[in-house]
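What the sequence shown shows, in the working numbering, is residues 15 to 436, in sequence order.
Using N, Cα and C, we set each Cβ at its ideal position, and we do this for glycine too.
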Amino acid sequence: MKKIFLALSLITGLVYVEAQDNAIKTTELNLGKDYLKIAAPIAKEIGNNTIIGLGEGTHGTKEFNEIRAAISKNLITKQHFSIISFESPYGDMFYLNKAVNSDADLKTAMKQYLLSIWQTKEIEEFLLWVRHYNKKNKNQILLAGADFNFVSNSVRILENEFKDNSTLKVQIVDLLAKAKYQDDMWSKRNDKNFRVDMPAVIKNGTQAYELARNIEETLNKDNISISTEAKLALQNIKLGFKVMYEASKQNYDISRDQMMAEMVIKTHQLYDNKKVIIIAHNGHIAFTFPFSDDIGMGGYLKKQFGEKYYSLATLTASGTYSATLDNTDTNDNKYQTYPLPAPLKDSWQNYFSEFKNENFYLNLRGNNGNPKGNFSLALWGYFYMDPVKFEKNIYTRKINNLSNYFDGIIFLKKTNASGHLN
Numbered sequence: 015m016k017k018i019f020l021a022l023s024l025i026t027g028l029v030y031v032e033a034q035d036n037a038i039k040t041t042e043l044n045l046g047k048d049y050l051k052i053a054a055p056i057a058k059e060i061g062n063n064t065i066i067g068l069g070e071g072t073h074g075t076k077e078f079n080e081i082r083a084a085i086s087k088n089l090i091t092k093q094h095f096s097i098i099s100f101e102s103p104y105g106d107m108f109y110l111n112k113a114v115n116s117d118a119d120l121k122t123a124m125k126q127y128l129l130s131i132w133q134t135k136e137i138e139e140f141l142l143w144v145r146h147y148n149k150k151n152k153n154q155i156l157l158a159g160a161d162f163n164f165v166s167n168s169v170r171i172l173e174n175e176f177k178d179n180s181t182l183k184v185q186i187v188d189l190l191a192k193a194k195y196q197d198d199m200w201s202k203r204n205d206k207n208f209r210v211d212m213p214a215v216i217k218n219g220t221q222a223y224e225l226a227r228n229i230e231e232t233l234n235k236d237n238i239s240i241s242t243e244a245k246l247a248l249q250n251i252k253l254g255f256k257v258m259y260e261a262s263k264q265n266y267d268i269s270r271d272q273m274m275a276e277m278v279i280k281t282h283q284l285y286d287n288k289k290v291i292i293i294a295h296n297g298h299i300a301f302t303f304p305f306s307d308d309i310g311m312g313g314y315l316k317k318q319f320g321e322k323y324y325s326l327a328t329l330t331a332s333g334t335y336s337a338t339l340d341n342t343d344t345n346d347n348k349y350q351t352y353p354l355p356a357p358l359k360d361s362w363q364n365y366f367s368e369f370k371n372e373n374f375y376l377n378l379r380g381n382n383g384n385p386k387g388n389f390s391l392a393l394w395g396y397f398y399m400d401p402v403k404f405e406k407n408i409y410t411r412k413i414n415n416l417s418n419y420f421d422g423i424i425f426l427k428k429t430n431a432s433g434h435l436n
């Protein structure tokens, strides 16, 4: 049996070996092989979970997108996953899903409905695969969004839903105007000469939140049935305006990660408890948000699903990555390639870079040993930060047990910047 297992491992480009610390066993990832074959054993090992968060240590690494796409394809074809939820607005993803399941030009749709962090050649290839898969298979893949930073398209879902309801139609017109205003204010934060009128934004958001609740009350009172996508859109709209509503009450203790988890949970429940893949940053899929006392989206999902939620992070130590100079992530940010600076000596990235295997997968749930150390973790976002000037914004506080944050780690020692669409 051991000989058979070794032979299969060699065929797929994976070999189980002991790492630098003899108590830690990692799975070597041979990136020279087919990514689908490399990812197959990982997907098989984690595929019995209900929700899987696939993270990224930067918002601009080519190999992170490729390995997560390969894992996702295996989870879809072999482990019955059928929902892919991006760290992206729900309404935007709804319309992207429609475009993917049509003959629309995909590049055009991506630039219209995807945040710029996801407008890459790697994601395009994955979405083309989803399009082809859905044309050939009865079990359809649904693209969804867990975020709410732009809400206009969620309101447009309701606009279409209630186009024949004269009472609700009037309220939706008002709601859409308020959504457009908030979205516009969010985008204008990238204009260095523009100053957001926060009292006006808070007032607008508060009125919009109350309007969304009034619509919900009308639906319940009149017993009006609505589609699944409209239910999710209404939920997303409330979350999108909730921050401003709470700010009007001087309550600033609002968790974006908790609200993102609520979107994932509701999507899972409304679509007959189908299994969900989440594509997001490591900071969100983690059980604890590394830069605050919040438990992170992953932590809220773990509360809901227990051991049926699996958090898989991706890390790198060198190479290049893509980032923007804009303050706010929108669908028209300009990305450039930057070198990844050498990791701090007391960082997990540096610790893993000294392992015998340059590229590996480590299941922290299994009997593979737990990496021992007290190191910080580098988390690169979508905007460029000087690594010296903003070291405290890039590196977390010291972490002595990675299993308190993630269930598994994919470490790729040297990686490249994402290939953004022209």
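{"Asked": "CB Ala-331 to CB Pro-357, shorter than 8 Å?", "Found": "yes"}
{"Asked": "Given 8 Å as the limit, is there contact between the region 124-140 and the region 209-219, that is, 3 or more CB pairs closer than that?", "Found": "no"}
{"Asked": "By DSSP, does Ala-33 sit in helix, in strand, or in coil?", "Found": "Since pLDDT at Ala-33 reaches only 37, below the 50 mark, its modelled position is unreliable, and the value read off the structure follows with that caveat. It is coil, neither helix nor strand."}
{"Asked": "Give the range of the beta strand (DSSP E) segment to which Asn-373 is assigned.", "Found": "373-377"}
{"Asked": "At least one CB of chain D closer than 8 Å to the CB of Ala-193: is that the case?", "Found": "The structure shown has no chain D; it contains just one protein chain."}
{"Asked": "Tell whether a beta-carbon distance below 8 Å holds between Met-258 and Thr-220.", "Found": "yes"}
{"Asked": "Cβ atoms of Asn-115 and Thr-302: under 8 Å apart, would you say?", "Found": "no"}
{"Asked": "When the distance is taken between beta carbons, is Leu-248 closer than 8 Å to Glu-260?", "Found": "no"}
{"Asked": "For Lys-206, which of helix, strand or coil comes out of DSSP?", "Found": "coil"}
{"Asked": "Can you pull the DSSP bridge partners for Tyr-5?", "Found": "In the structure as shown, the chain begins at 15 and stops at 436. Residue 5 is therefore absent and cannot be evaluated."}
{"Asked": "Identify the continuous beta strand (DSSP E) that holds Thr-40 and give its terminal residues.", "Found": "39-42"}
{"Asked": "Spatial neighbours of Phe-366 within its chain, please: C-beta separation below 6 Å, excluding the five flanking residues on both sides.", "Found": "Phe-425"}
{"Asked": "Leaving out the 5 sequence neighbours to the left and right, which residues in its chain are closer than 6 Å to Thr-72 when beta-carbon positions are compared?", "Found": "Tyr-335 and Trp-394"}
{"Asked": "Using CA atoms only, rank isn't needed, just tell me which of Leu-156, Pro-103, Ala-244 and Asp-400 is closest to Glu-173.", "Found": "Ala-244"}
{"Asked": "Residues in the same chain with beta-carbon distance under 7 Å from Gln-8, minus the five sequence neighbours each way, listed in chain order, please.", "Found": "Outside the displayed range of the chain (15 to 436) lies residue 8, so it cannot be described from this structure."}
{"Asked": "Can you give me the C-alpha to C-alpha distance between Met-273 and Ile-171, rounded to a whole angstrom?", "Found": "20 Å"}
{"Asked": "Reducing DSSP to helix, strand and coil, say where Leu-189 ends up.", "Found": "helix"}
{"Asked": "Compute the distance between the beta-carbons of Lys-121 and Glu-138, then report whether it is under 8 Å.", "Found": "yes"}
{"Asked": "Tell me where the beta strand (DSSP E) around Thr-429 begins and ends.", "Found": "422-429"}
{"Asked": "Quick one, which of Met-107, Gly-387 and Asn-179 has its alpha-carbon nearest Met-277's?", "Found": "Met-107"}
{"Asked": "Give the range of the beta strand (DSSP E) segment to which Lys-370 is assigned.", "Found": "From DSSP, Lys-370 is part of no beta strand (DSSP E); its letter is neither H nor E."}
{"Asked": "Grab me the residues of Lys-183's own chain with a C-beta within less than 7 Å of its C-beta, minus the 5 sequence neighbours each way, in chain order.", "Found": "Phe-176 and Lys-177"}
{"Asked": "Leaving out five residues on either side along the sequence, give the residues of the same chain with a beta carbon under 7 Å from the beta carbon of Asn-111.", "Found": "Leu-156 and Leu-157"}
{"Asked": "Does the contact criterion of 3 or more C-beta pairs under 8 Å hold for the region 196-211 versus the region 337-357?", "Found": "yes"}
{"Asked": "If we count the other Cβ atoms within 10 Å of its Cβ and call it buried at 16 or more, is Tyr-266 buried or exposed?", "Found": "exposed"}
{"Asked": "In the DSSP output, what is Ala-327 paired with across the bridge?", "Found": "Ile-423"}
{"Asked": "May I ask which residues mark the beginning and end of the alpha helix (DSSP H) holding Ser-99?", "Found": "That residue, Ser-99, is in no alpha helix (DSSP H); its beta strand (DSSP E) goes 95-103."}
{"Asked": "By alpha-carbon positions, which one of Ile-90, Gly-422, Leu-284 and Asp-161 ends up nearest to Glu-321?", "Found": "Gly-422"}
{"Asked": "In whole angstroms, what separates the C-alpha of Ser-99 from that of Thr-40?", "Found": "28 Å"}
{"Asked": "Would you mind reading off the limits of the beta strand (DSSP E) that contains Val-290?", "Found": "289-293"}
{"Asked": "Use the C-beta contact count for His-434: other C-beta atoms within 10 angstroms, 16 or more gives buried, fewer gives exposed.", "Found": "buried"}
{"Asked": "So, Asn-167 versus Gly-105, is the Cβ gap smaller than 8 Å?", "Found": "yes"}
{"Asked": "Looking only at its chain, what residues have a beta carbon closer than 7 Å to the beta carbon of Tyr-109, apart from the 5 residues adjacent to it on each side?", "Found": "Tyr-127 and Asn-167"}
{"Asked": "State the beta-bridge partners of His-298 as determined by DSSP.", "Found": "His-298 pairs with nothing; no bridge assigned."}
{"Asked": "Do you know whose CA, among Glu-80, Ala-118 and Ile-66, lies nearest Trp-96's CA?", "Found": "Contrary to the premise, residue 96 reads as Ser rather than Trp in this sequence. Closest option to Ser-96, Cα to Cα, is Ile-66."}
{"Asked": "Would Ala-191 be called buried (16 or more neighbouring beta carbons within 10 Å of its own) or exposed?", "Found": "exposed"}
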